[in-house]
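Report on the structure given below.
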Amino acid sequence: MEQHLLEVKNGFNFRDIGGYPTTDGKIIKMHKAVRSGMLNPLSDDDLNYLNEYGVRVDVDFRSPSEQEEYPDKVPSMAKYVNDSVFPADETNSTAKNQMRKQAFKEDPEAGYHDMLNSYKDIILAPSAQHAYRVFFDELLANSADGEAVLFHCTAGKDRTGMGAVYLMTVLGVPDEIIREDYLSSNKHLALNQQNKQKLYHDLGPVFLKNVEALTHVYDEYLDTALNVIRAETGNVRNYVEQVLKVTPQQQRDLKKIYLTDNGQ
């Protein structure tokens with residue numbers, strides 16, 4: 034996993050999905066697709082590094098309110114794509130946040146169930162389906178070697194994680210490697226998770242249990258999404274084709290763009 038980590042000093046969870054093998058003996062090219070957390074904390078050195086790394090497109094999956102509070106610092110050579118998976122009023126209304134805060138103090142499972150519902154919405158919400166279709170459009174347009182689409186949300190684990198699941202499935206990466214990549218967010222977000230625990234420490238153990246659920250990824254989260262996908266279309270590849278409308282020819286084009294025989 035370490036070879037995938039980008040040397041970004043002031044961001045977190047910046048990972049190249051290149052280097053992973055596929056079931057037909059190919060390898061995902063490096064410097065073509067990067068998943069990450071938000072770009073707001075980046076320094077000028079980080080932005081220069083991303084320019085040199087080849088980042089030419091910044092796909093932002095965050096809601097409008099997240100984008101407004103922590104606007105992306107976009108590398109100067111990259112195009113910014115506003116591609117919200119969820120509208121602001123679905124996850125960030127003041128009334129809902131107040132209700133959630135109270136629930137998190139009373140019910141240690143509230144955050145966990147919130148996350149399960151979010152993963153269902155990532156699959157079923159029309160806004161999410163549209164956002165991931167736009168994501169694939171950007172991937173298809175990114176045909177030059179050494180030029181990367183960077184896609185991110187806030188922590189780079191849930192909305193970004195599912196984007197990576199879709200892409201790697203289309204490219205033919207084995208399911209166990211896709212899951213390993215998904216779960217590795219926990220390792221790369223460890224410091225961020227510890228900071229959240231310290232921030233909310235005074236709110237008590239029940240609240241902290243919910244913070245833990247919101248700041249980690251678990252097999253159950255991914256399995257929830259995959260179970261909804263199976264119920265809808267049978268498997269992820271069918272979902273990408275039937276719901277996200279990525280045609281078989283476009284899937285072949287993605288393999289031509291993103292796969293190689295030698296990993297270069």
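If you're matching positions, the sequence shown starts at 34 in my numbering and goes up one per residue. Cβ atoms here follow ideal geometry from the backbone N, Cα and C, with glycine treated the same way. Source: prediction; values computed, not measured.
Whole angstroms are fine: how far does the CA of residue j sit from the CA of residue i?
i, j, result
"A246", "G144", "6 angstroms"
"A164", "A66", "17 angstroms"
"V198", "V273", "10 angstroms"
"F169", "D235", "43 angstroms"
"E85", "S109", "11 angstroms"
"T280", "A161", "18 angstroms"
"D252", "R212", "8 angstroms"
"G51", "F137", "38 angstroms"
"D178", "L83", "15 angstroms"
"D191", "H221", "14 angstroms"
"F119", "I155", "8 angstroms"
"Y215", "K153", "17 angstroms"
"N219", "H249", "6 angstroms"
"V41", "R166", "28 angstroms"
"L157", "M148", "14 angstroms"
"S126", "S98", "Residue confidence for S126 is low, a pLDDT of 44 falling below 50, so the modelled location carries little weight and cannot support an answer."
"N150", "A258", "9 angstroms"
"E209", "L255", "12 angstroms"
"Y53", "R68", "14 angstroms"
"M63", "P238", "42 angstroms"
"G70", "L39", "12 angstroms"
"E123", "Q135", "Annotation note: pLDDT 49 at E123 (below 50); position unreliable, no value reported."
"N295", "E142", "46 angstroms"
DSSP on residue i, reduced to helix/strand/coil?
i, result
"A128", "Only weak support is given to the placement of A128: the predicted model assigns it a pLDDT of 48, under 50, and the value that follows is read from those uncertain coordinates. Three-state DSSP puts A128 in a helix."
"H185", "strand"
"P159", "helix"
"K112", "strand"
"D93", "strand"
"L277", "coil"
"E123", "Unreliable positioning characterises E123 in this predicted model, as indicated by a pLDDT of 49, which lies under 50. A coordinate reading is not provided."
"L292", "strand"
"G237", "coil"
"H221", "helix"
"H249", "coil"
"S151", "helix"
"A197", "helix"
"K190", "coil"
"E213", "helix"
"E142", "coil"
Please work out which residues of its chain come closer than 8 angstroms, Cβ to Cβ, to residue i, disregarding the five sequence neighbours upstream and downstream, and give them in chain order.
i, result
"Q100", "D93, N115 and S117"
"N268", "I262"
"S2", "In the structure as shown, the chain begins at 34 and stops at 297. Residue 2 is therefore absent and cannot be evaluated."
"M201", "I50, Y53, I61, I210, I211 and D214"
With 16 other CB atoms within 10 Å as the buried threshold, where does residue i fall?
i, result
"N243", "buried"
"S25", "Nothing can be reported for residue 25: it is not among the residues displayed for the chain, which extend from 34 to 297."
"R263", "exposed"
"R285", "exposed"
"D57", "exposed"
"L22", "Nothing about residue 22 can be read from this structure; the chain reaches only from 34 to 297."
"N46", "buried"
"K278", "exposed"
"S176", "exposed"
"A128", "With a pLDDT of only 48 at A128, under 50, the local geometry of the prediction cannot be trusted, and the value read off the model is given with reservation. Label assigned to A128: exposed."
"D79", "buried"
"K59", "buried"
"H185", "buried"
To which residues of the same chain is residue i closer than 6 angstroms at the C-beta, ignoring the five residues directly before and after it?
i, result
"Y113", "D91 and V107"
"E72", "Sequence inspection shows Leu at residue 72; the Glu mentioned does not correspond to that position. Contacts found: D105 and K106."
"H37", "R48 and D49"
"V88", "P108, A111, A181 and L183"
"A174", "none"
Excluding the 5 residues flanking residue i on each side, which residues of the same chain have their C-beta closer than 7 angstroms to its C-beta?
i, result
"T55", "L204, G205, V206 and L292"
"Q230", "L241 and V244"
"E171", "V90, V92, V114 and V182"
"G194", "Y215, S218 and V250"
"Y103", "M71 and N73"
"Q275", "T266"
Query raised in the report: Going along the chain, which unbroken runs of the alpha helix (DSSP H) with 4 or more residues stay wholly within the segment 36–106?
Result: 77–86 and 97–102
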